[in-house]
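Asks: Quick note on numbering: this note's numbering labels position 200 of the sequence shown as 204, and the sequence is numbered without any gaps.
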Amino acid sequence: MFPYFLIFLFISQIAAEVENADSDDPIIDEEDEIFGGKIICENPNTIVGPNNKCVCKPGFNLGDPLSKFGCWTCNPECPHNSYCEHPGTCICKRGYSGKNCDPIYLTILSFQPNFGSSDGGIFVNASYNNGANGIPEKAYCRFGSEYVKAVLITNDTITCVMPQMLEGEYRFAISIDKRLWTSENLIFTVKNNGIFSKYLPVLIIGFIIVVVIGVIVYFANNTGVVLPSKNEKESFLNQKDDHSV
């Protein structure tokens with residue numbers, strides 16, 4: 005009987021130690037790789053984090069530690085107008101190219117129409133070449149000194165809406181960053197046959213009249229000048245007639 009009691013005590017002690025050991029071990033999810041009771045992070049550049057989860061190693065702040073690609077970084081850092089792609093390569097954004105991801109220089113092949121009415125609103129299509137560097141994310145058209153954002157961009161055409169403009173001839177150019185514009189000497193002609201140009205002189209004259217009236221009222225209120233009333237004017241004229249007699 006005594007040996008059986010010792011065996012029972014021995015088994016109970018082992019069971020208690022196992023239970024205590026289980027309570028101290030981290031909770032392991034089914035998603036985590038387990039080897040010998042420990043979490044193993046096998047994806048590239050990953051380690052076990054404070055919460056017993058796979059995380060990216062310090063310095064590898066891009067990617068997903070749970071994906072097969074793991075984590076990565078670009079060293080040195082990517083230049084402006086680019087982003088870091090797996091496994092650590094800098095990729096220029098659309099419209100930029102080269103080691104420093106400089107803006108792509110555009111060349112206008114043709115554009116149409118090359119004229120419009122002064123009230124604007126027509127679509128102007130510019131056929132361009134960018135050296136097969138993809139489709140720019142943004143583009144702009146410039147009419148003289150005024151520019152507008154493109155409403156449609158394809159791999160060979162940029163479409164803009166002509167703004168309201170005065171009659172005349174304007175140099176036409178396109179750009180992807182509003183800094184570097186195409187250098188071709190292309191002329192866009194604005195004809196004076198729109199509603200905007202028809203009523204522009206009237207609007208200018210009306211504006212001048214309003215300004216003049218505003219100036220007169222301002223100085224009248226600030227100089228203390230009081231305009232005579234109708235009765236005062238008549239009394240003054242009667243007095244003048246009496247003196248003349």
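Cβ atoms here follow ideal geometry from the backbone N, Cα and C, with glycine treated the same way.
#1: How many Å lie between Pro140 and Ile157 at the Cα?
#2: Measure the CB-CB distance between Asn196 and Ser149 and report whether it falls below 7 Å.
#3: Let me check understanding here. Comparing Cα to Cα, which of Cys58, Asn49 and Asp68 lies closest to Lys42?
#4: For Val194, which of Ile112, Pro48 and Glu173 has the nearest alpha-carbon?
#5: Under 8 Å, with one C-beta from each stretch per pair, do the region 181 to 193 and the region 203 to 213 reach the 3-pair mark?
#6: Return the residue from the list Asn129, Asp160, Gly135 and Glu46 that minimises the CA-CA distance to Val152.
#7: Assuming Cys78 and Cys60 form a contact by the criterion Cβ under 8 Å, report the distance between their Cβ atoms to the nearest whole angstrom.
#8: Check this for me: beta carbons of Gly74 and Gly63, under 7 Å apart or not?
#9: Report buried or exposed for Ile162, applying the criterion of at least 16 other Cβ atoms within 10 angstroms of its Cβ.
#10: Of all the options Pro54, Pro69, Asn225 and Tyr132, which has the alpha carbon lying nearest to the alpha carbon of Cys45?
#11: Once DSSP output is grouped into helix, strand and coil, what is the label at Gly124?
#12: Taking 7 Å as the threshold (C-beta atoms), are Phe192 and Phe147 in contact?
#13: So, with DSSP's three-state summary, where would you put Asn65?
#14: CA-CA distance, Leu170 and Ala177?
#15: So, with DSSP's three-state summary, where would you put Asn225?
#16: Return the chain-ordered ranges of every beta strand (DSSP E) run that is complete within the region 65 to 99 and spans a minimum of 3 residues.
#17: Helix, strand or coil for Pro167 per DSSP?
#18: Heavy atom of the ligand GDP less than 6 Å from the Cβ of Leu66, yes or no?
#19: Counting only the same chain and skipping the five closest in sequence on each side, list residues whose C-beta sits under 6 Å from that of Thr186.
Replies: Here's the rundown:
#1: Pro140 and Ile157: Cα-Cα distance of roughly 7 Å.
#2: In this structure, Ser149 does not lie closer than 7 Å to Asn196 by Cβ.
#3: Measuring from the Cα of Lys42, the nearest candidate turns out to be Cys58.
#4: Minimum Cα distance to Val194 is reached at Glu173.
#5: They do not touch, by the three-pair rule.
#6: That would be Asn129, whose Cα lies nearest to the Cα of Val152.
#7: Contact flag wrong, Cβ pair sits at about 14 Å.
#8: The answer is no: Cβ separation not under 7 Å.
#9: Ile162 should be labelled buried.
#10: For Cys45, the closest alpha carbon among the candidates Pro54, Pro69, Asn225 and Tyr132 is that of Pro69.
#11: Assignment of Gly124 by DSSP, reduced to helix, strand and coil, places it in the coil class.
#12: Contact: yes.
#13: In this structure, Asn65 counts as coil in the three-state DSSP scheme.
#14: The straight-line gap from Cα to Cα measures roughly 18 Å.
#15: Helix.
#16: Complete beta strand (DSSP E) runs here, min 3: 86 to 89 and 93 to 96.
#17: In the three-state reduction of the DSSP assignment, Pro167 falls in the coil class.
#18: The ligand GDP is absent from the structure shown, which contains no ligand whatsoever.
#19: Shown here for Thr186: same chain residues with a beta carbon closer than 6 Å to its own, the five before and five after excluded, namely Leu110, Ile112, Ala177 and Ile178 in chain order.
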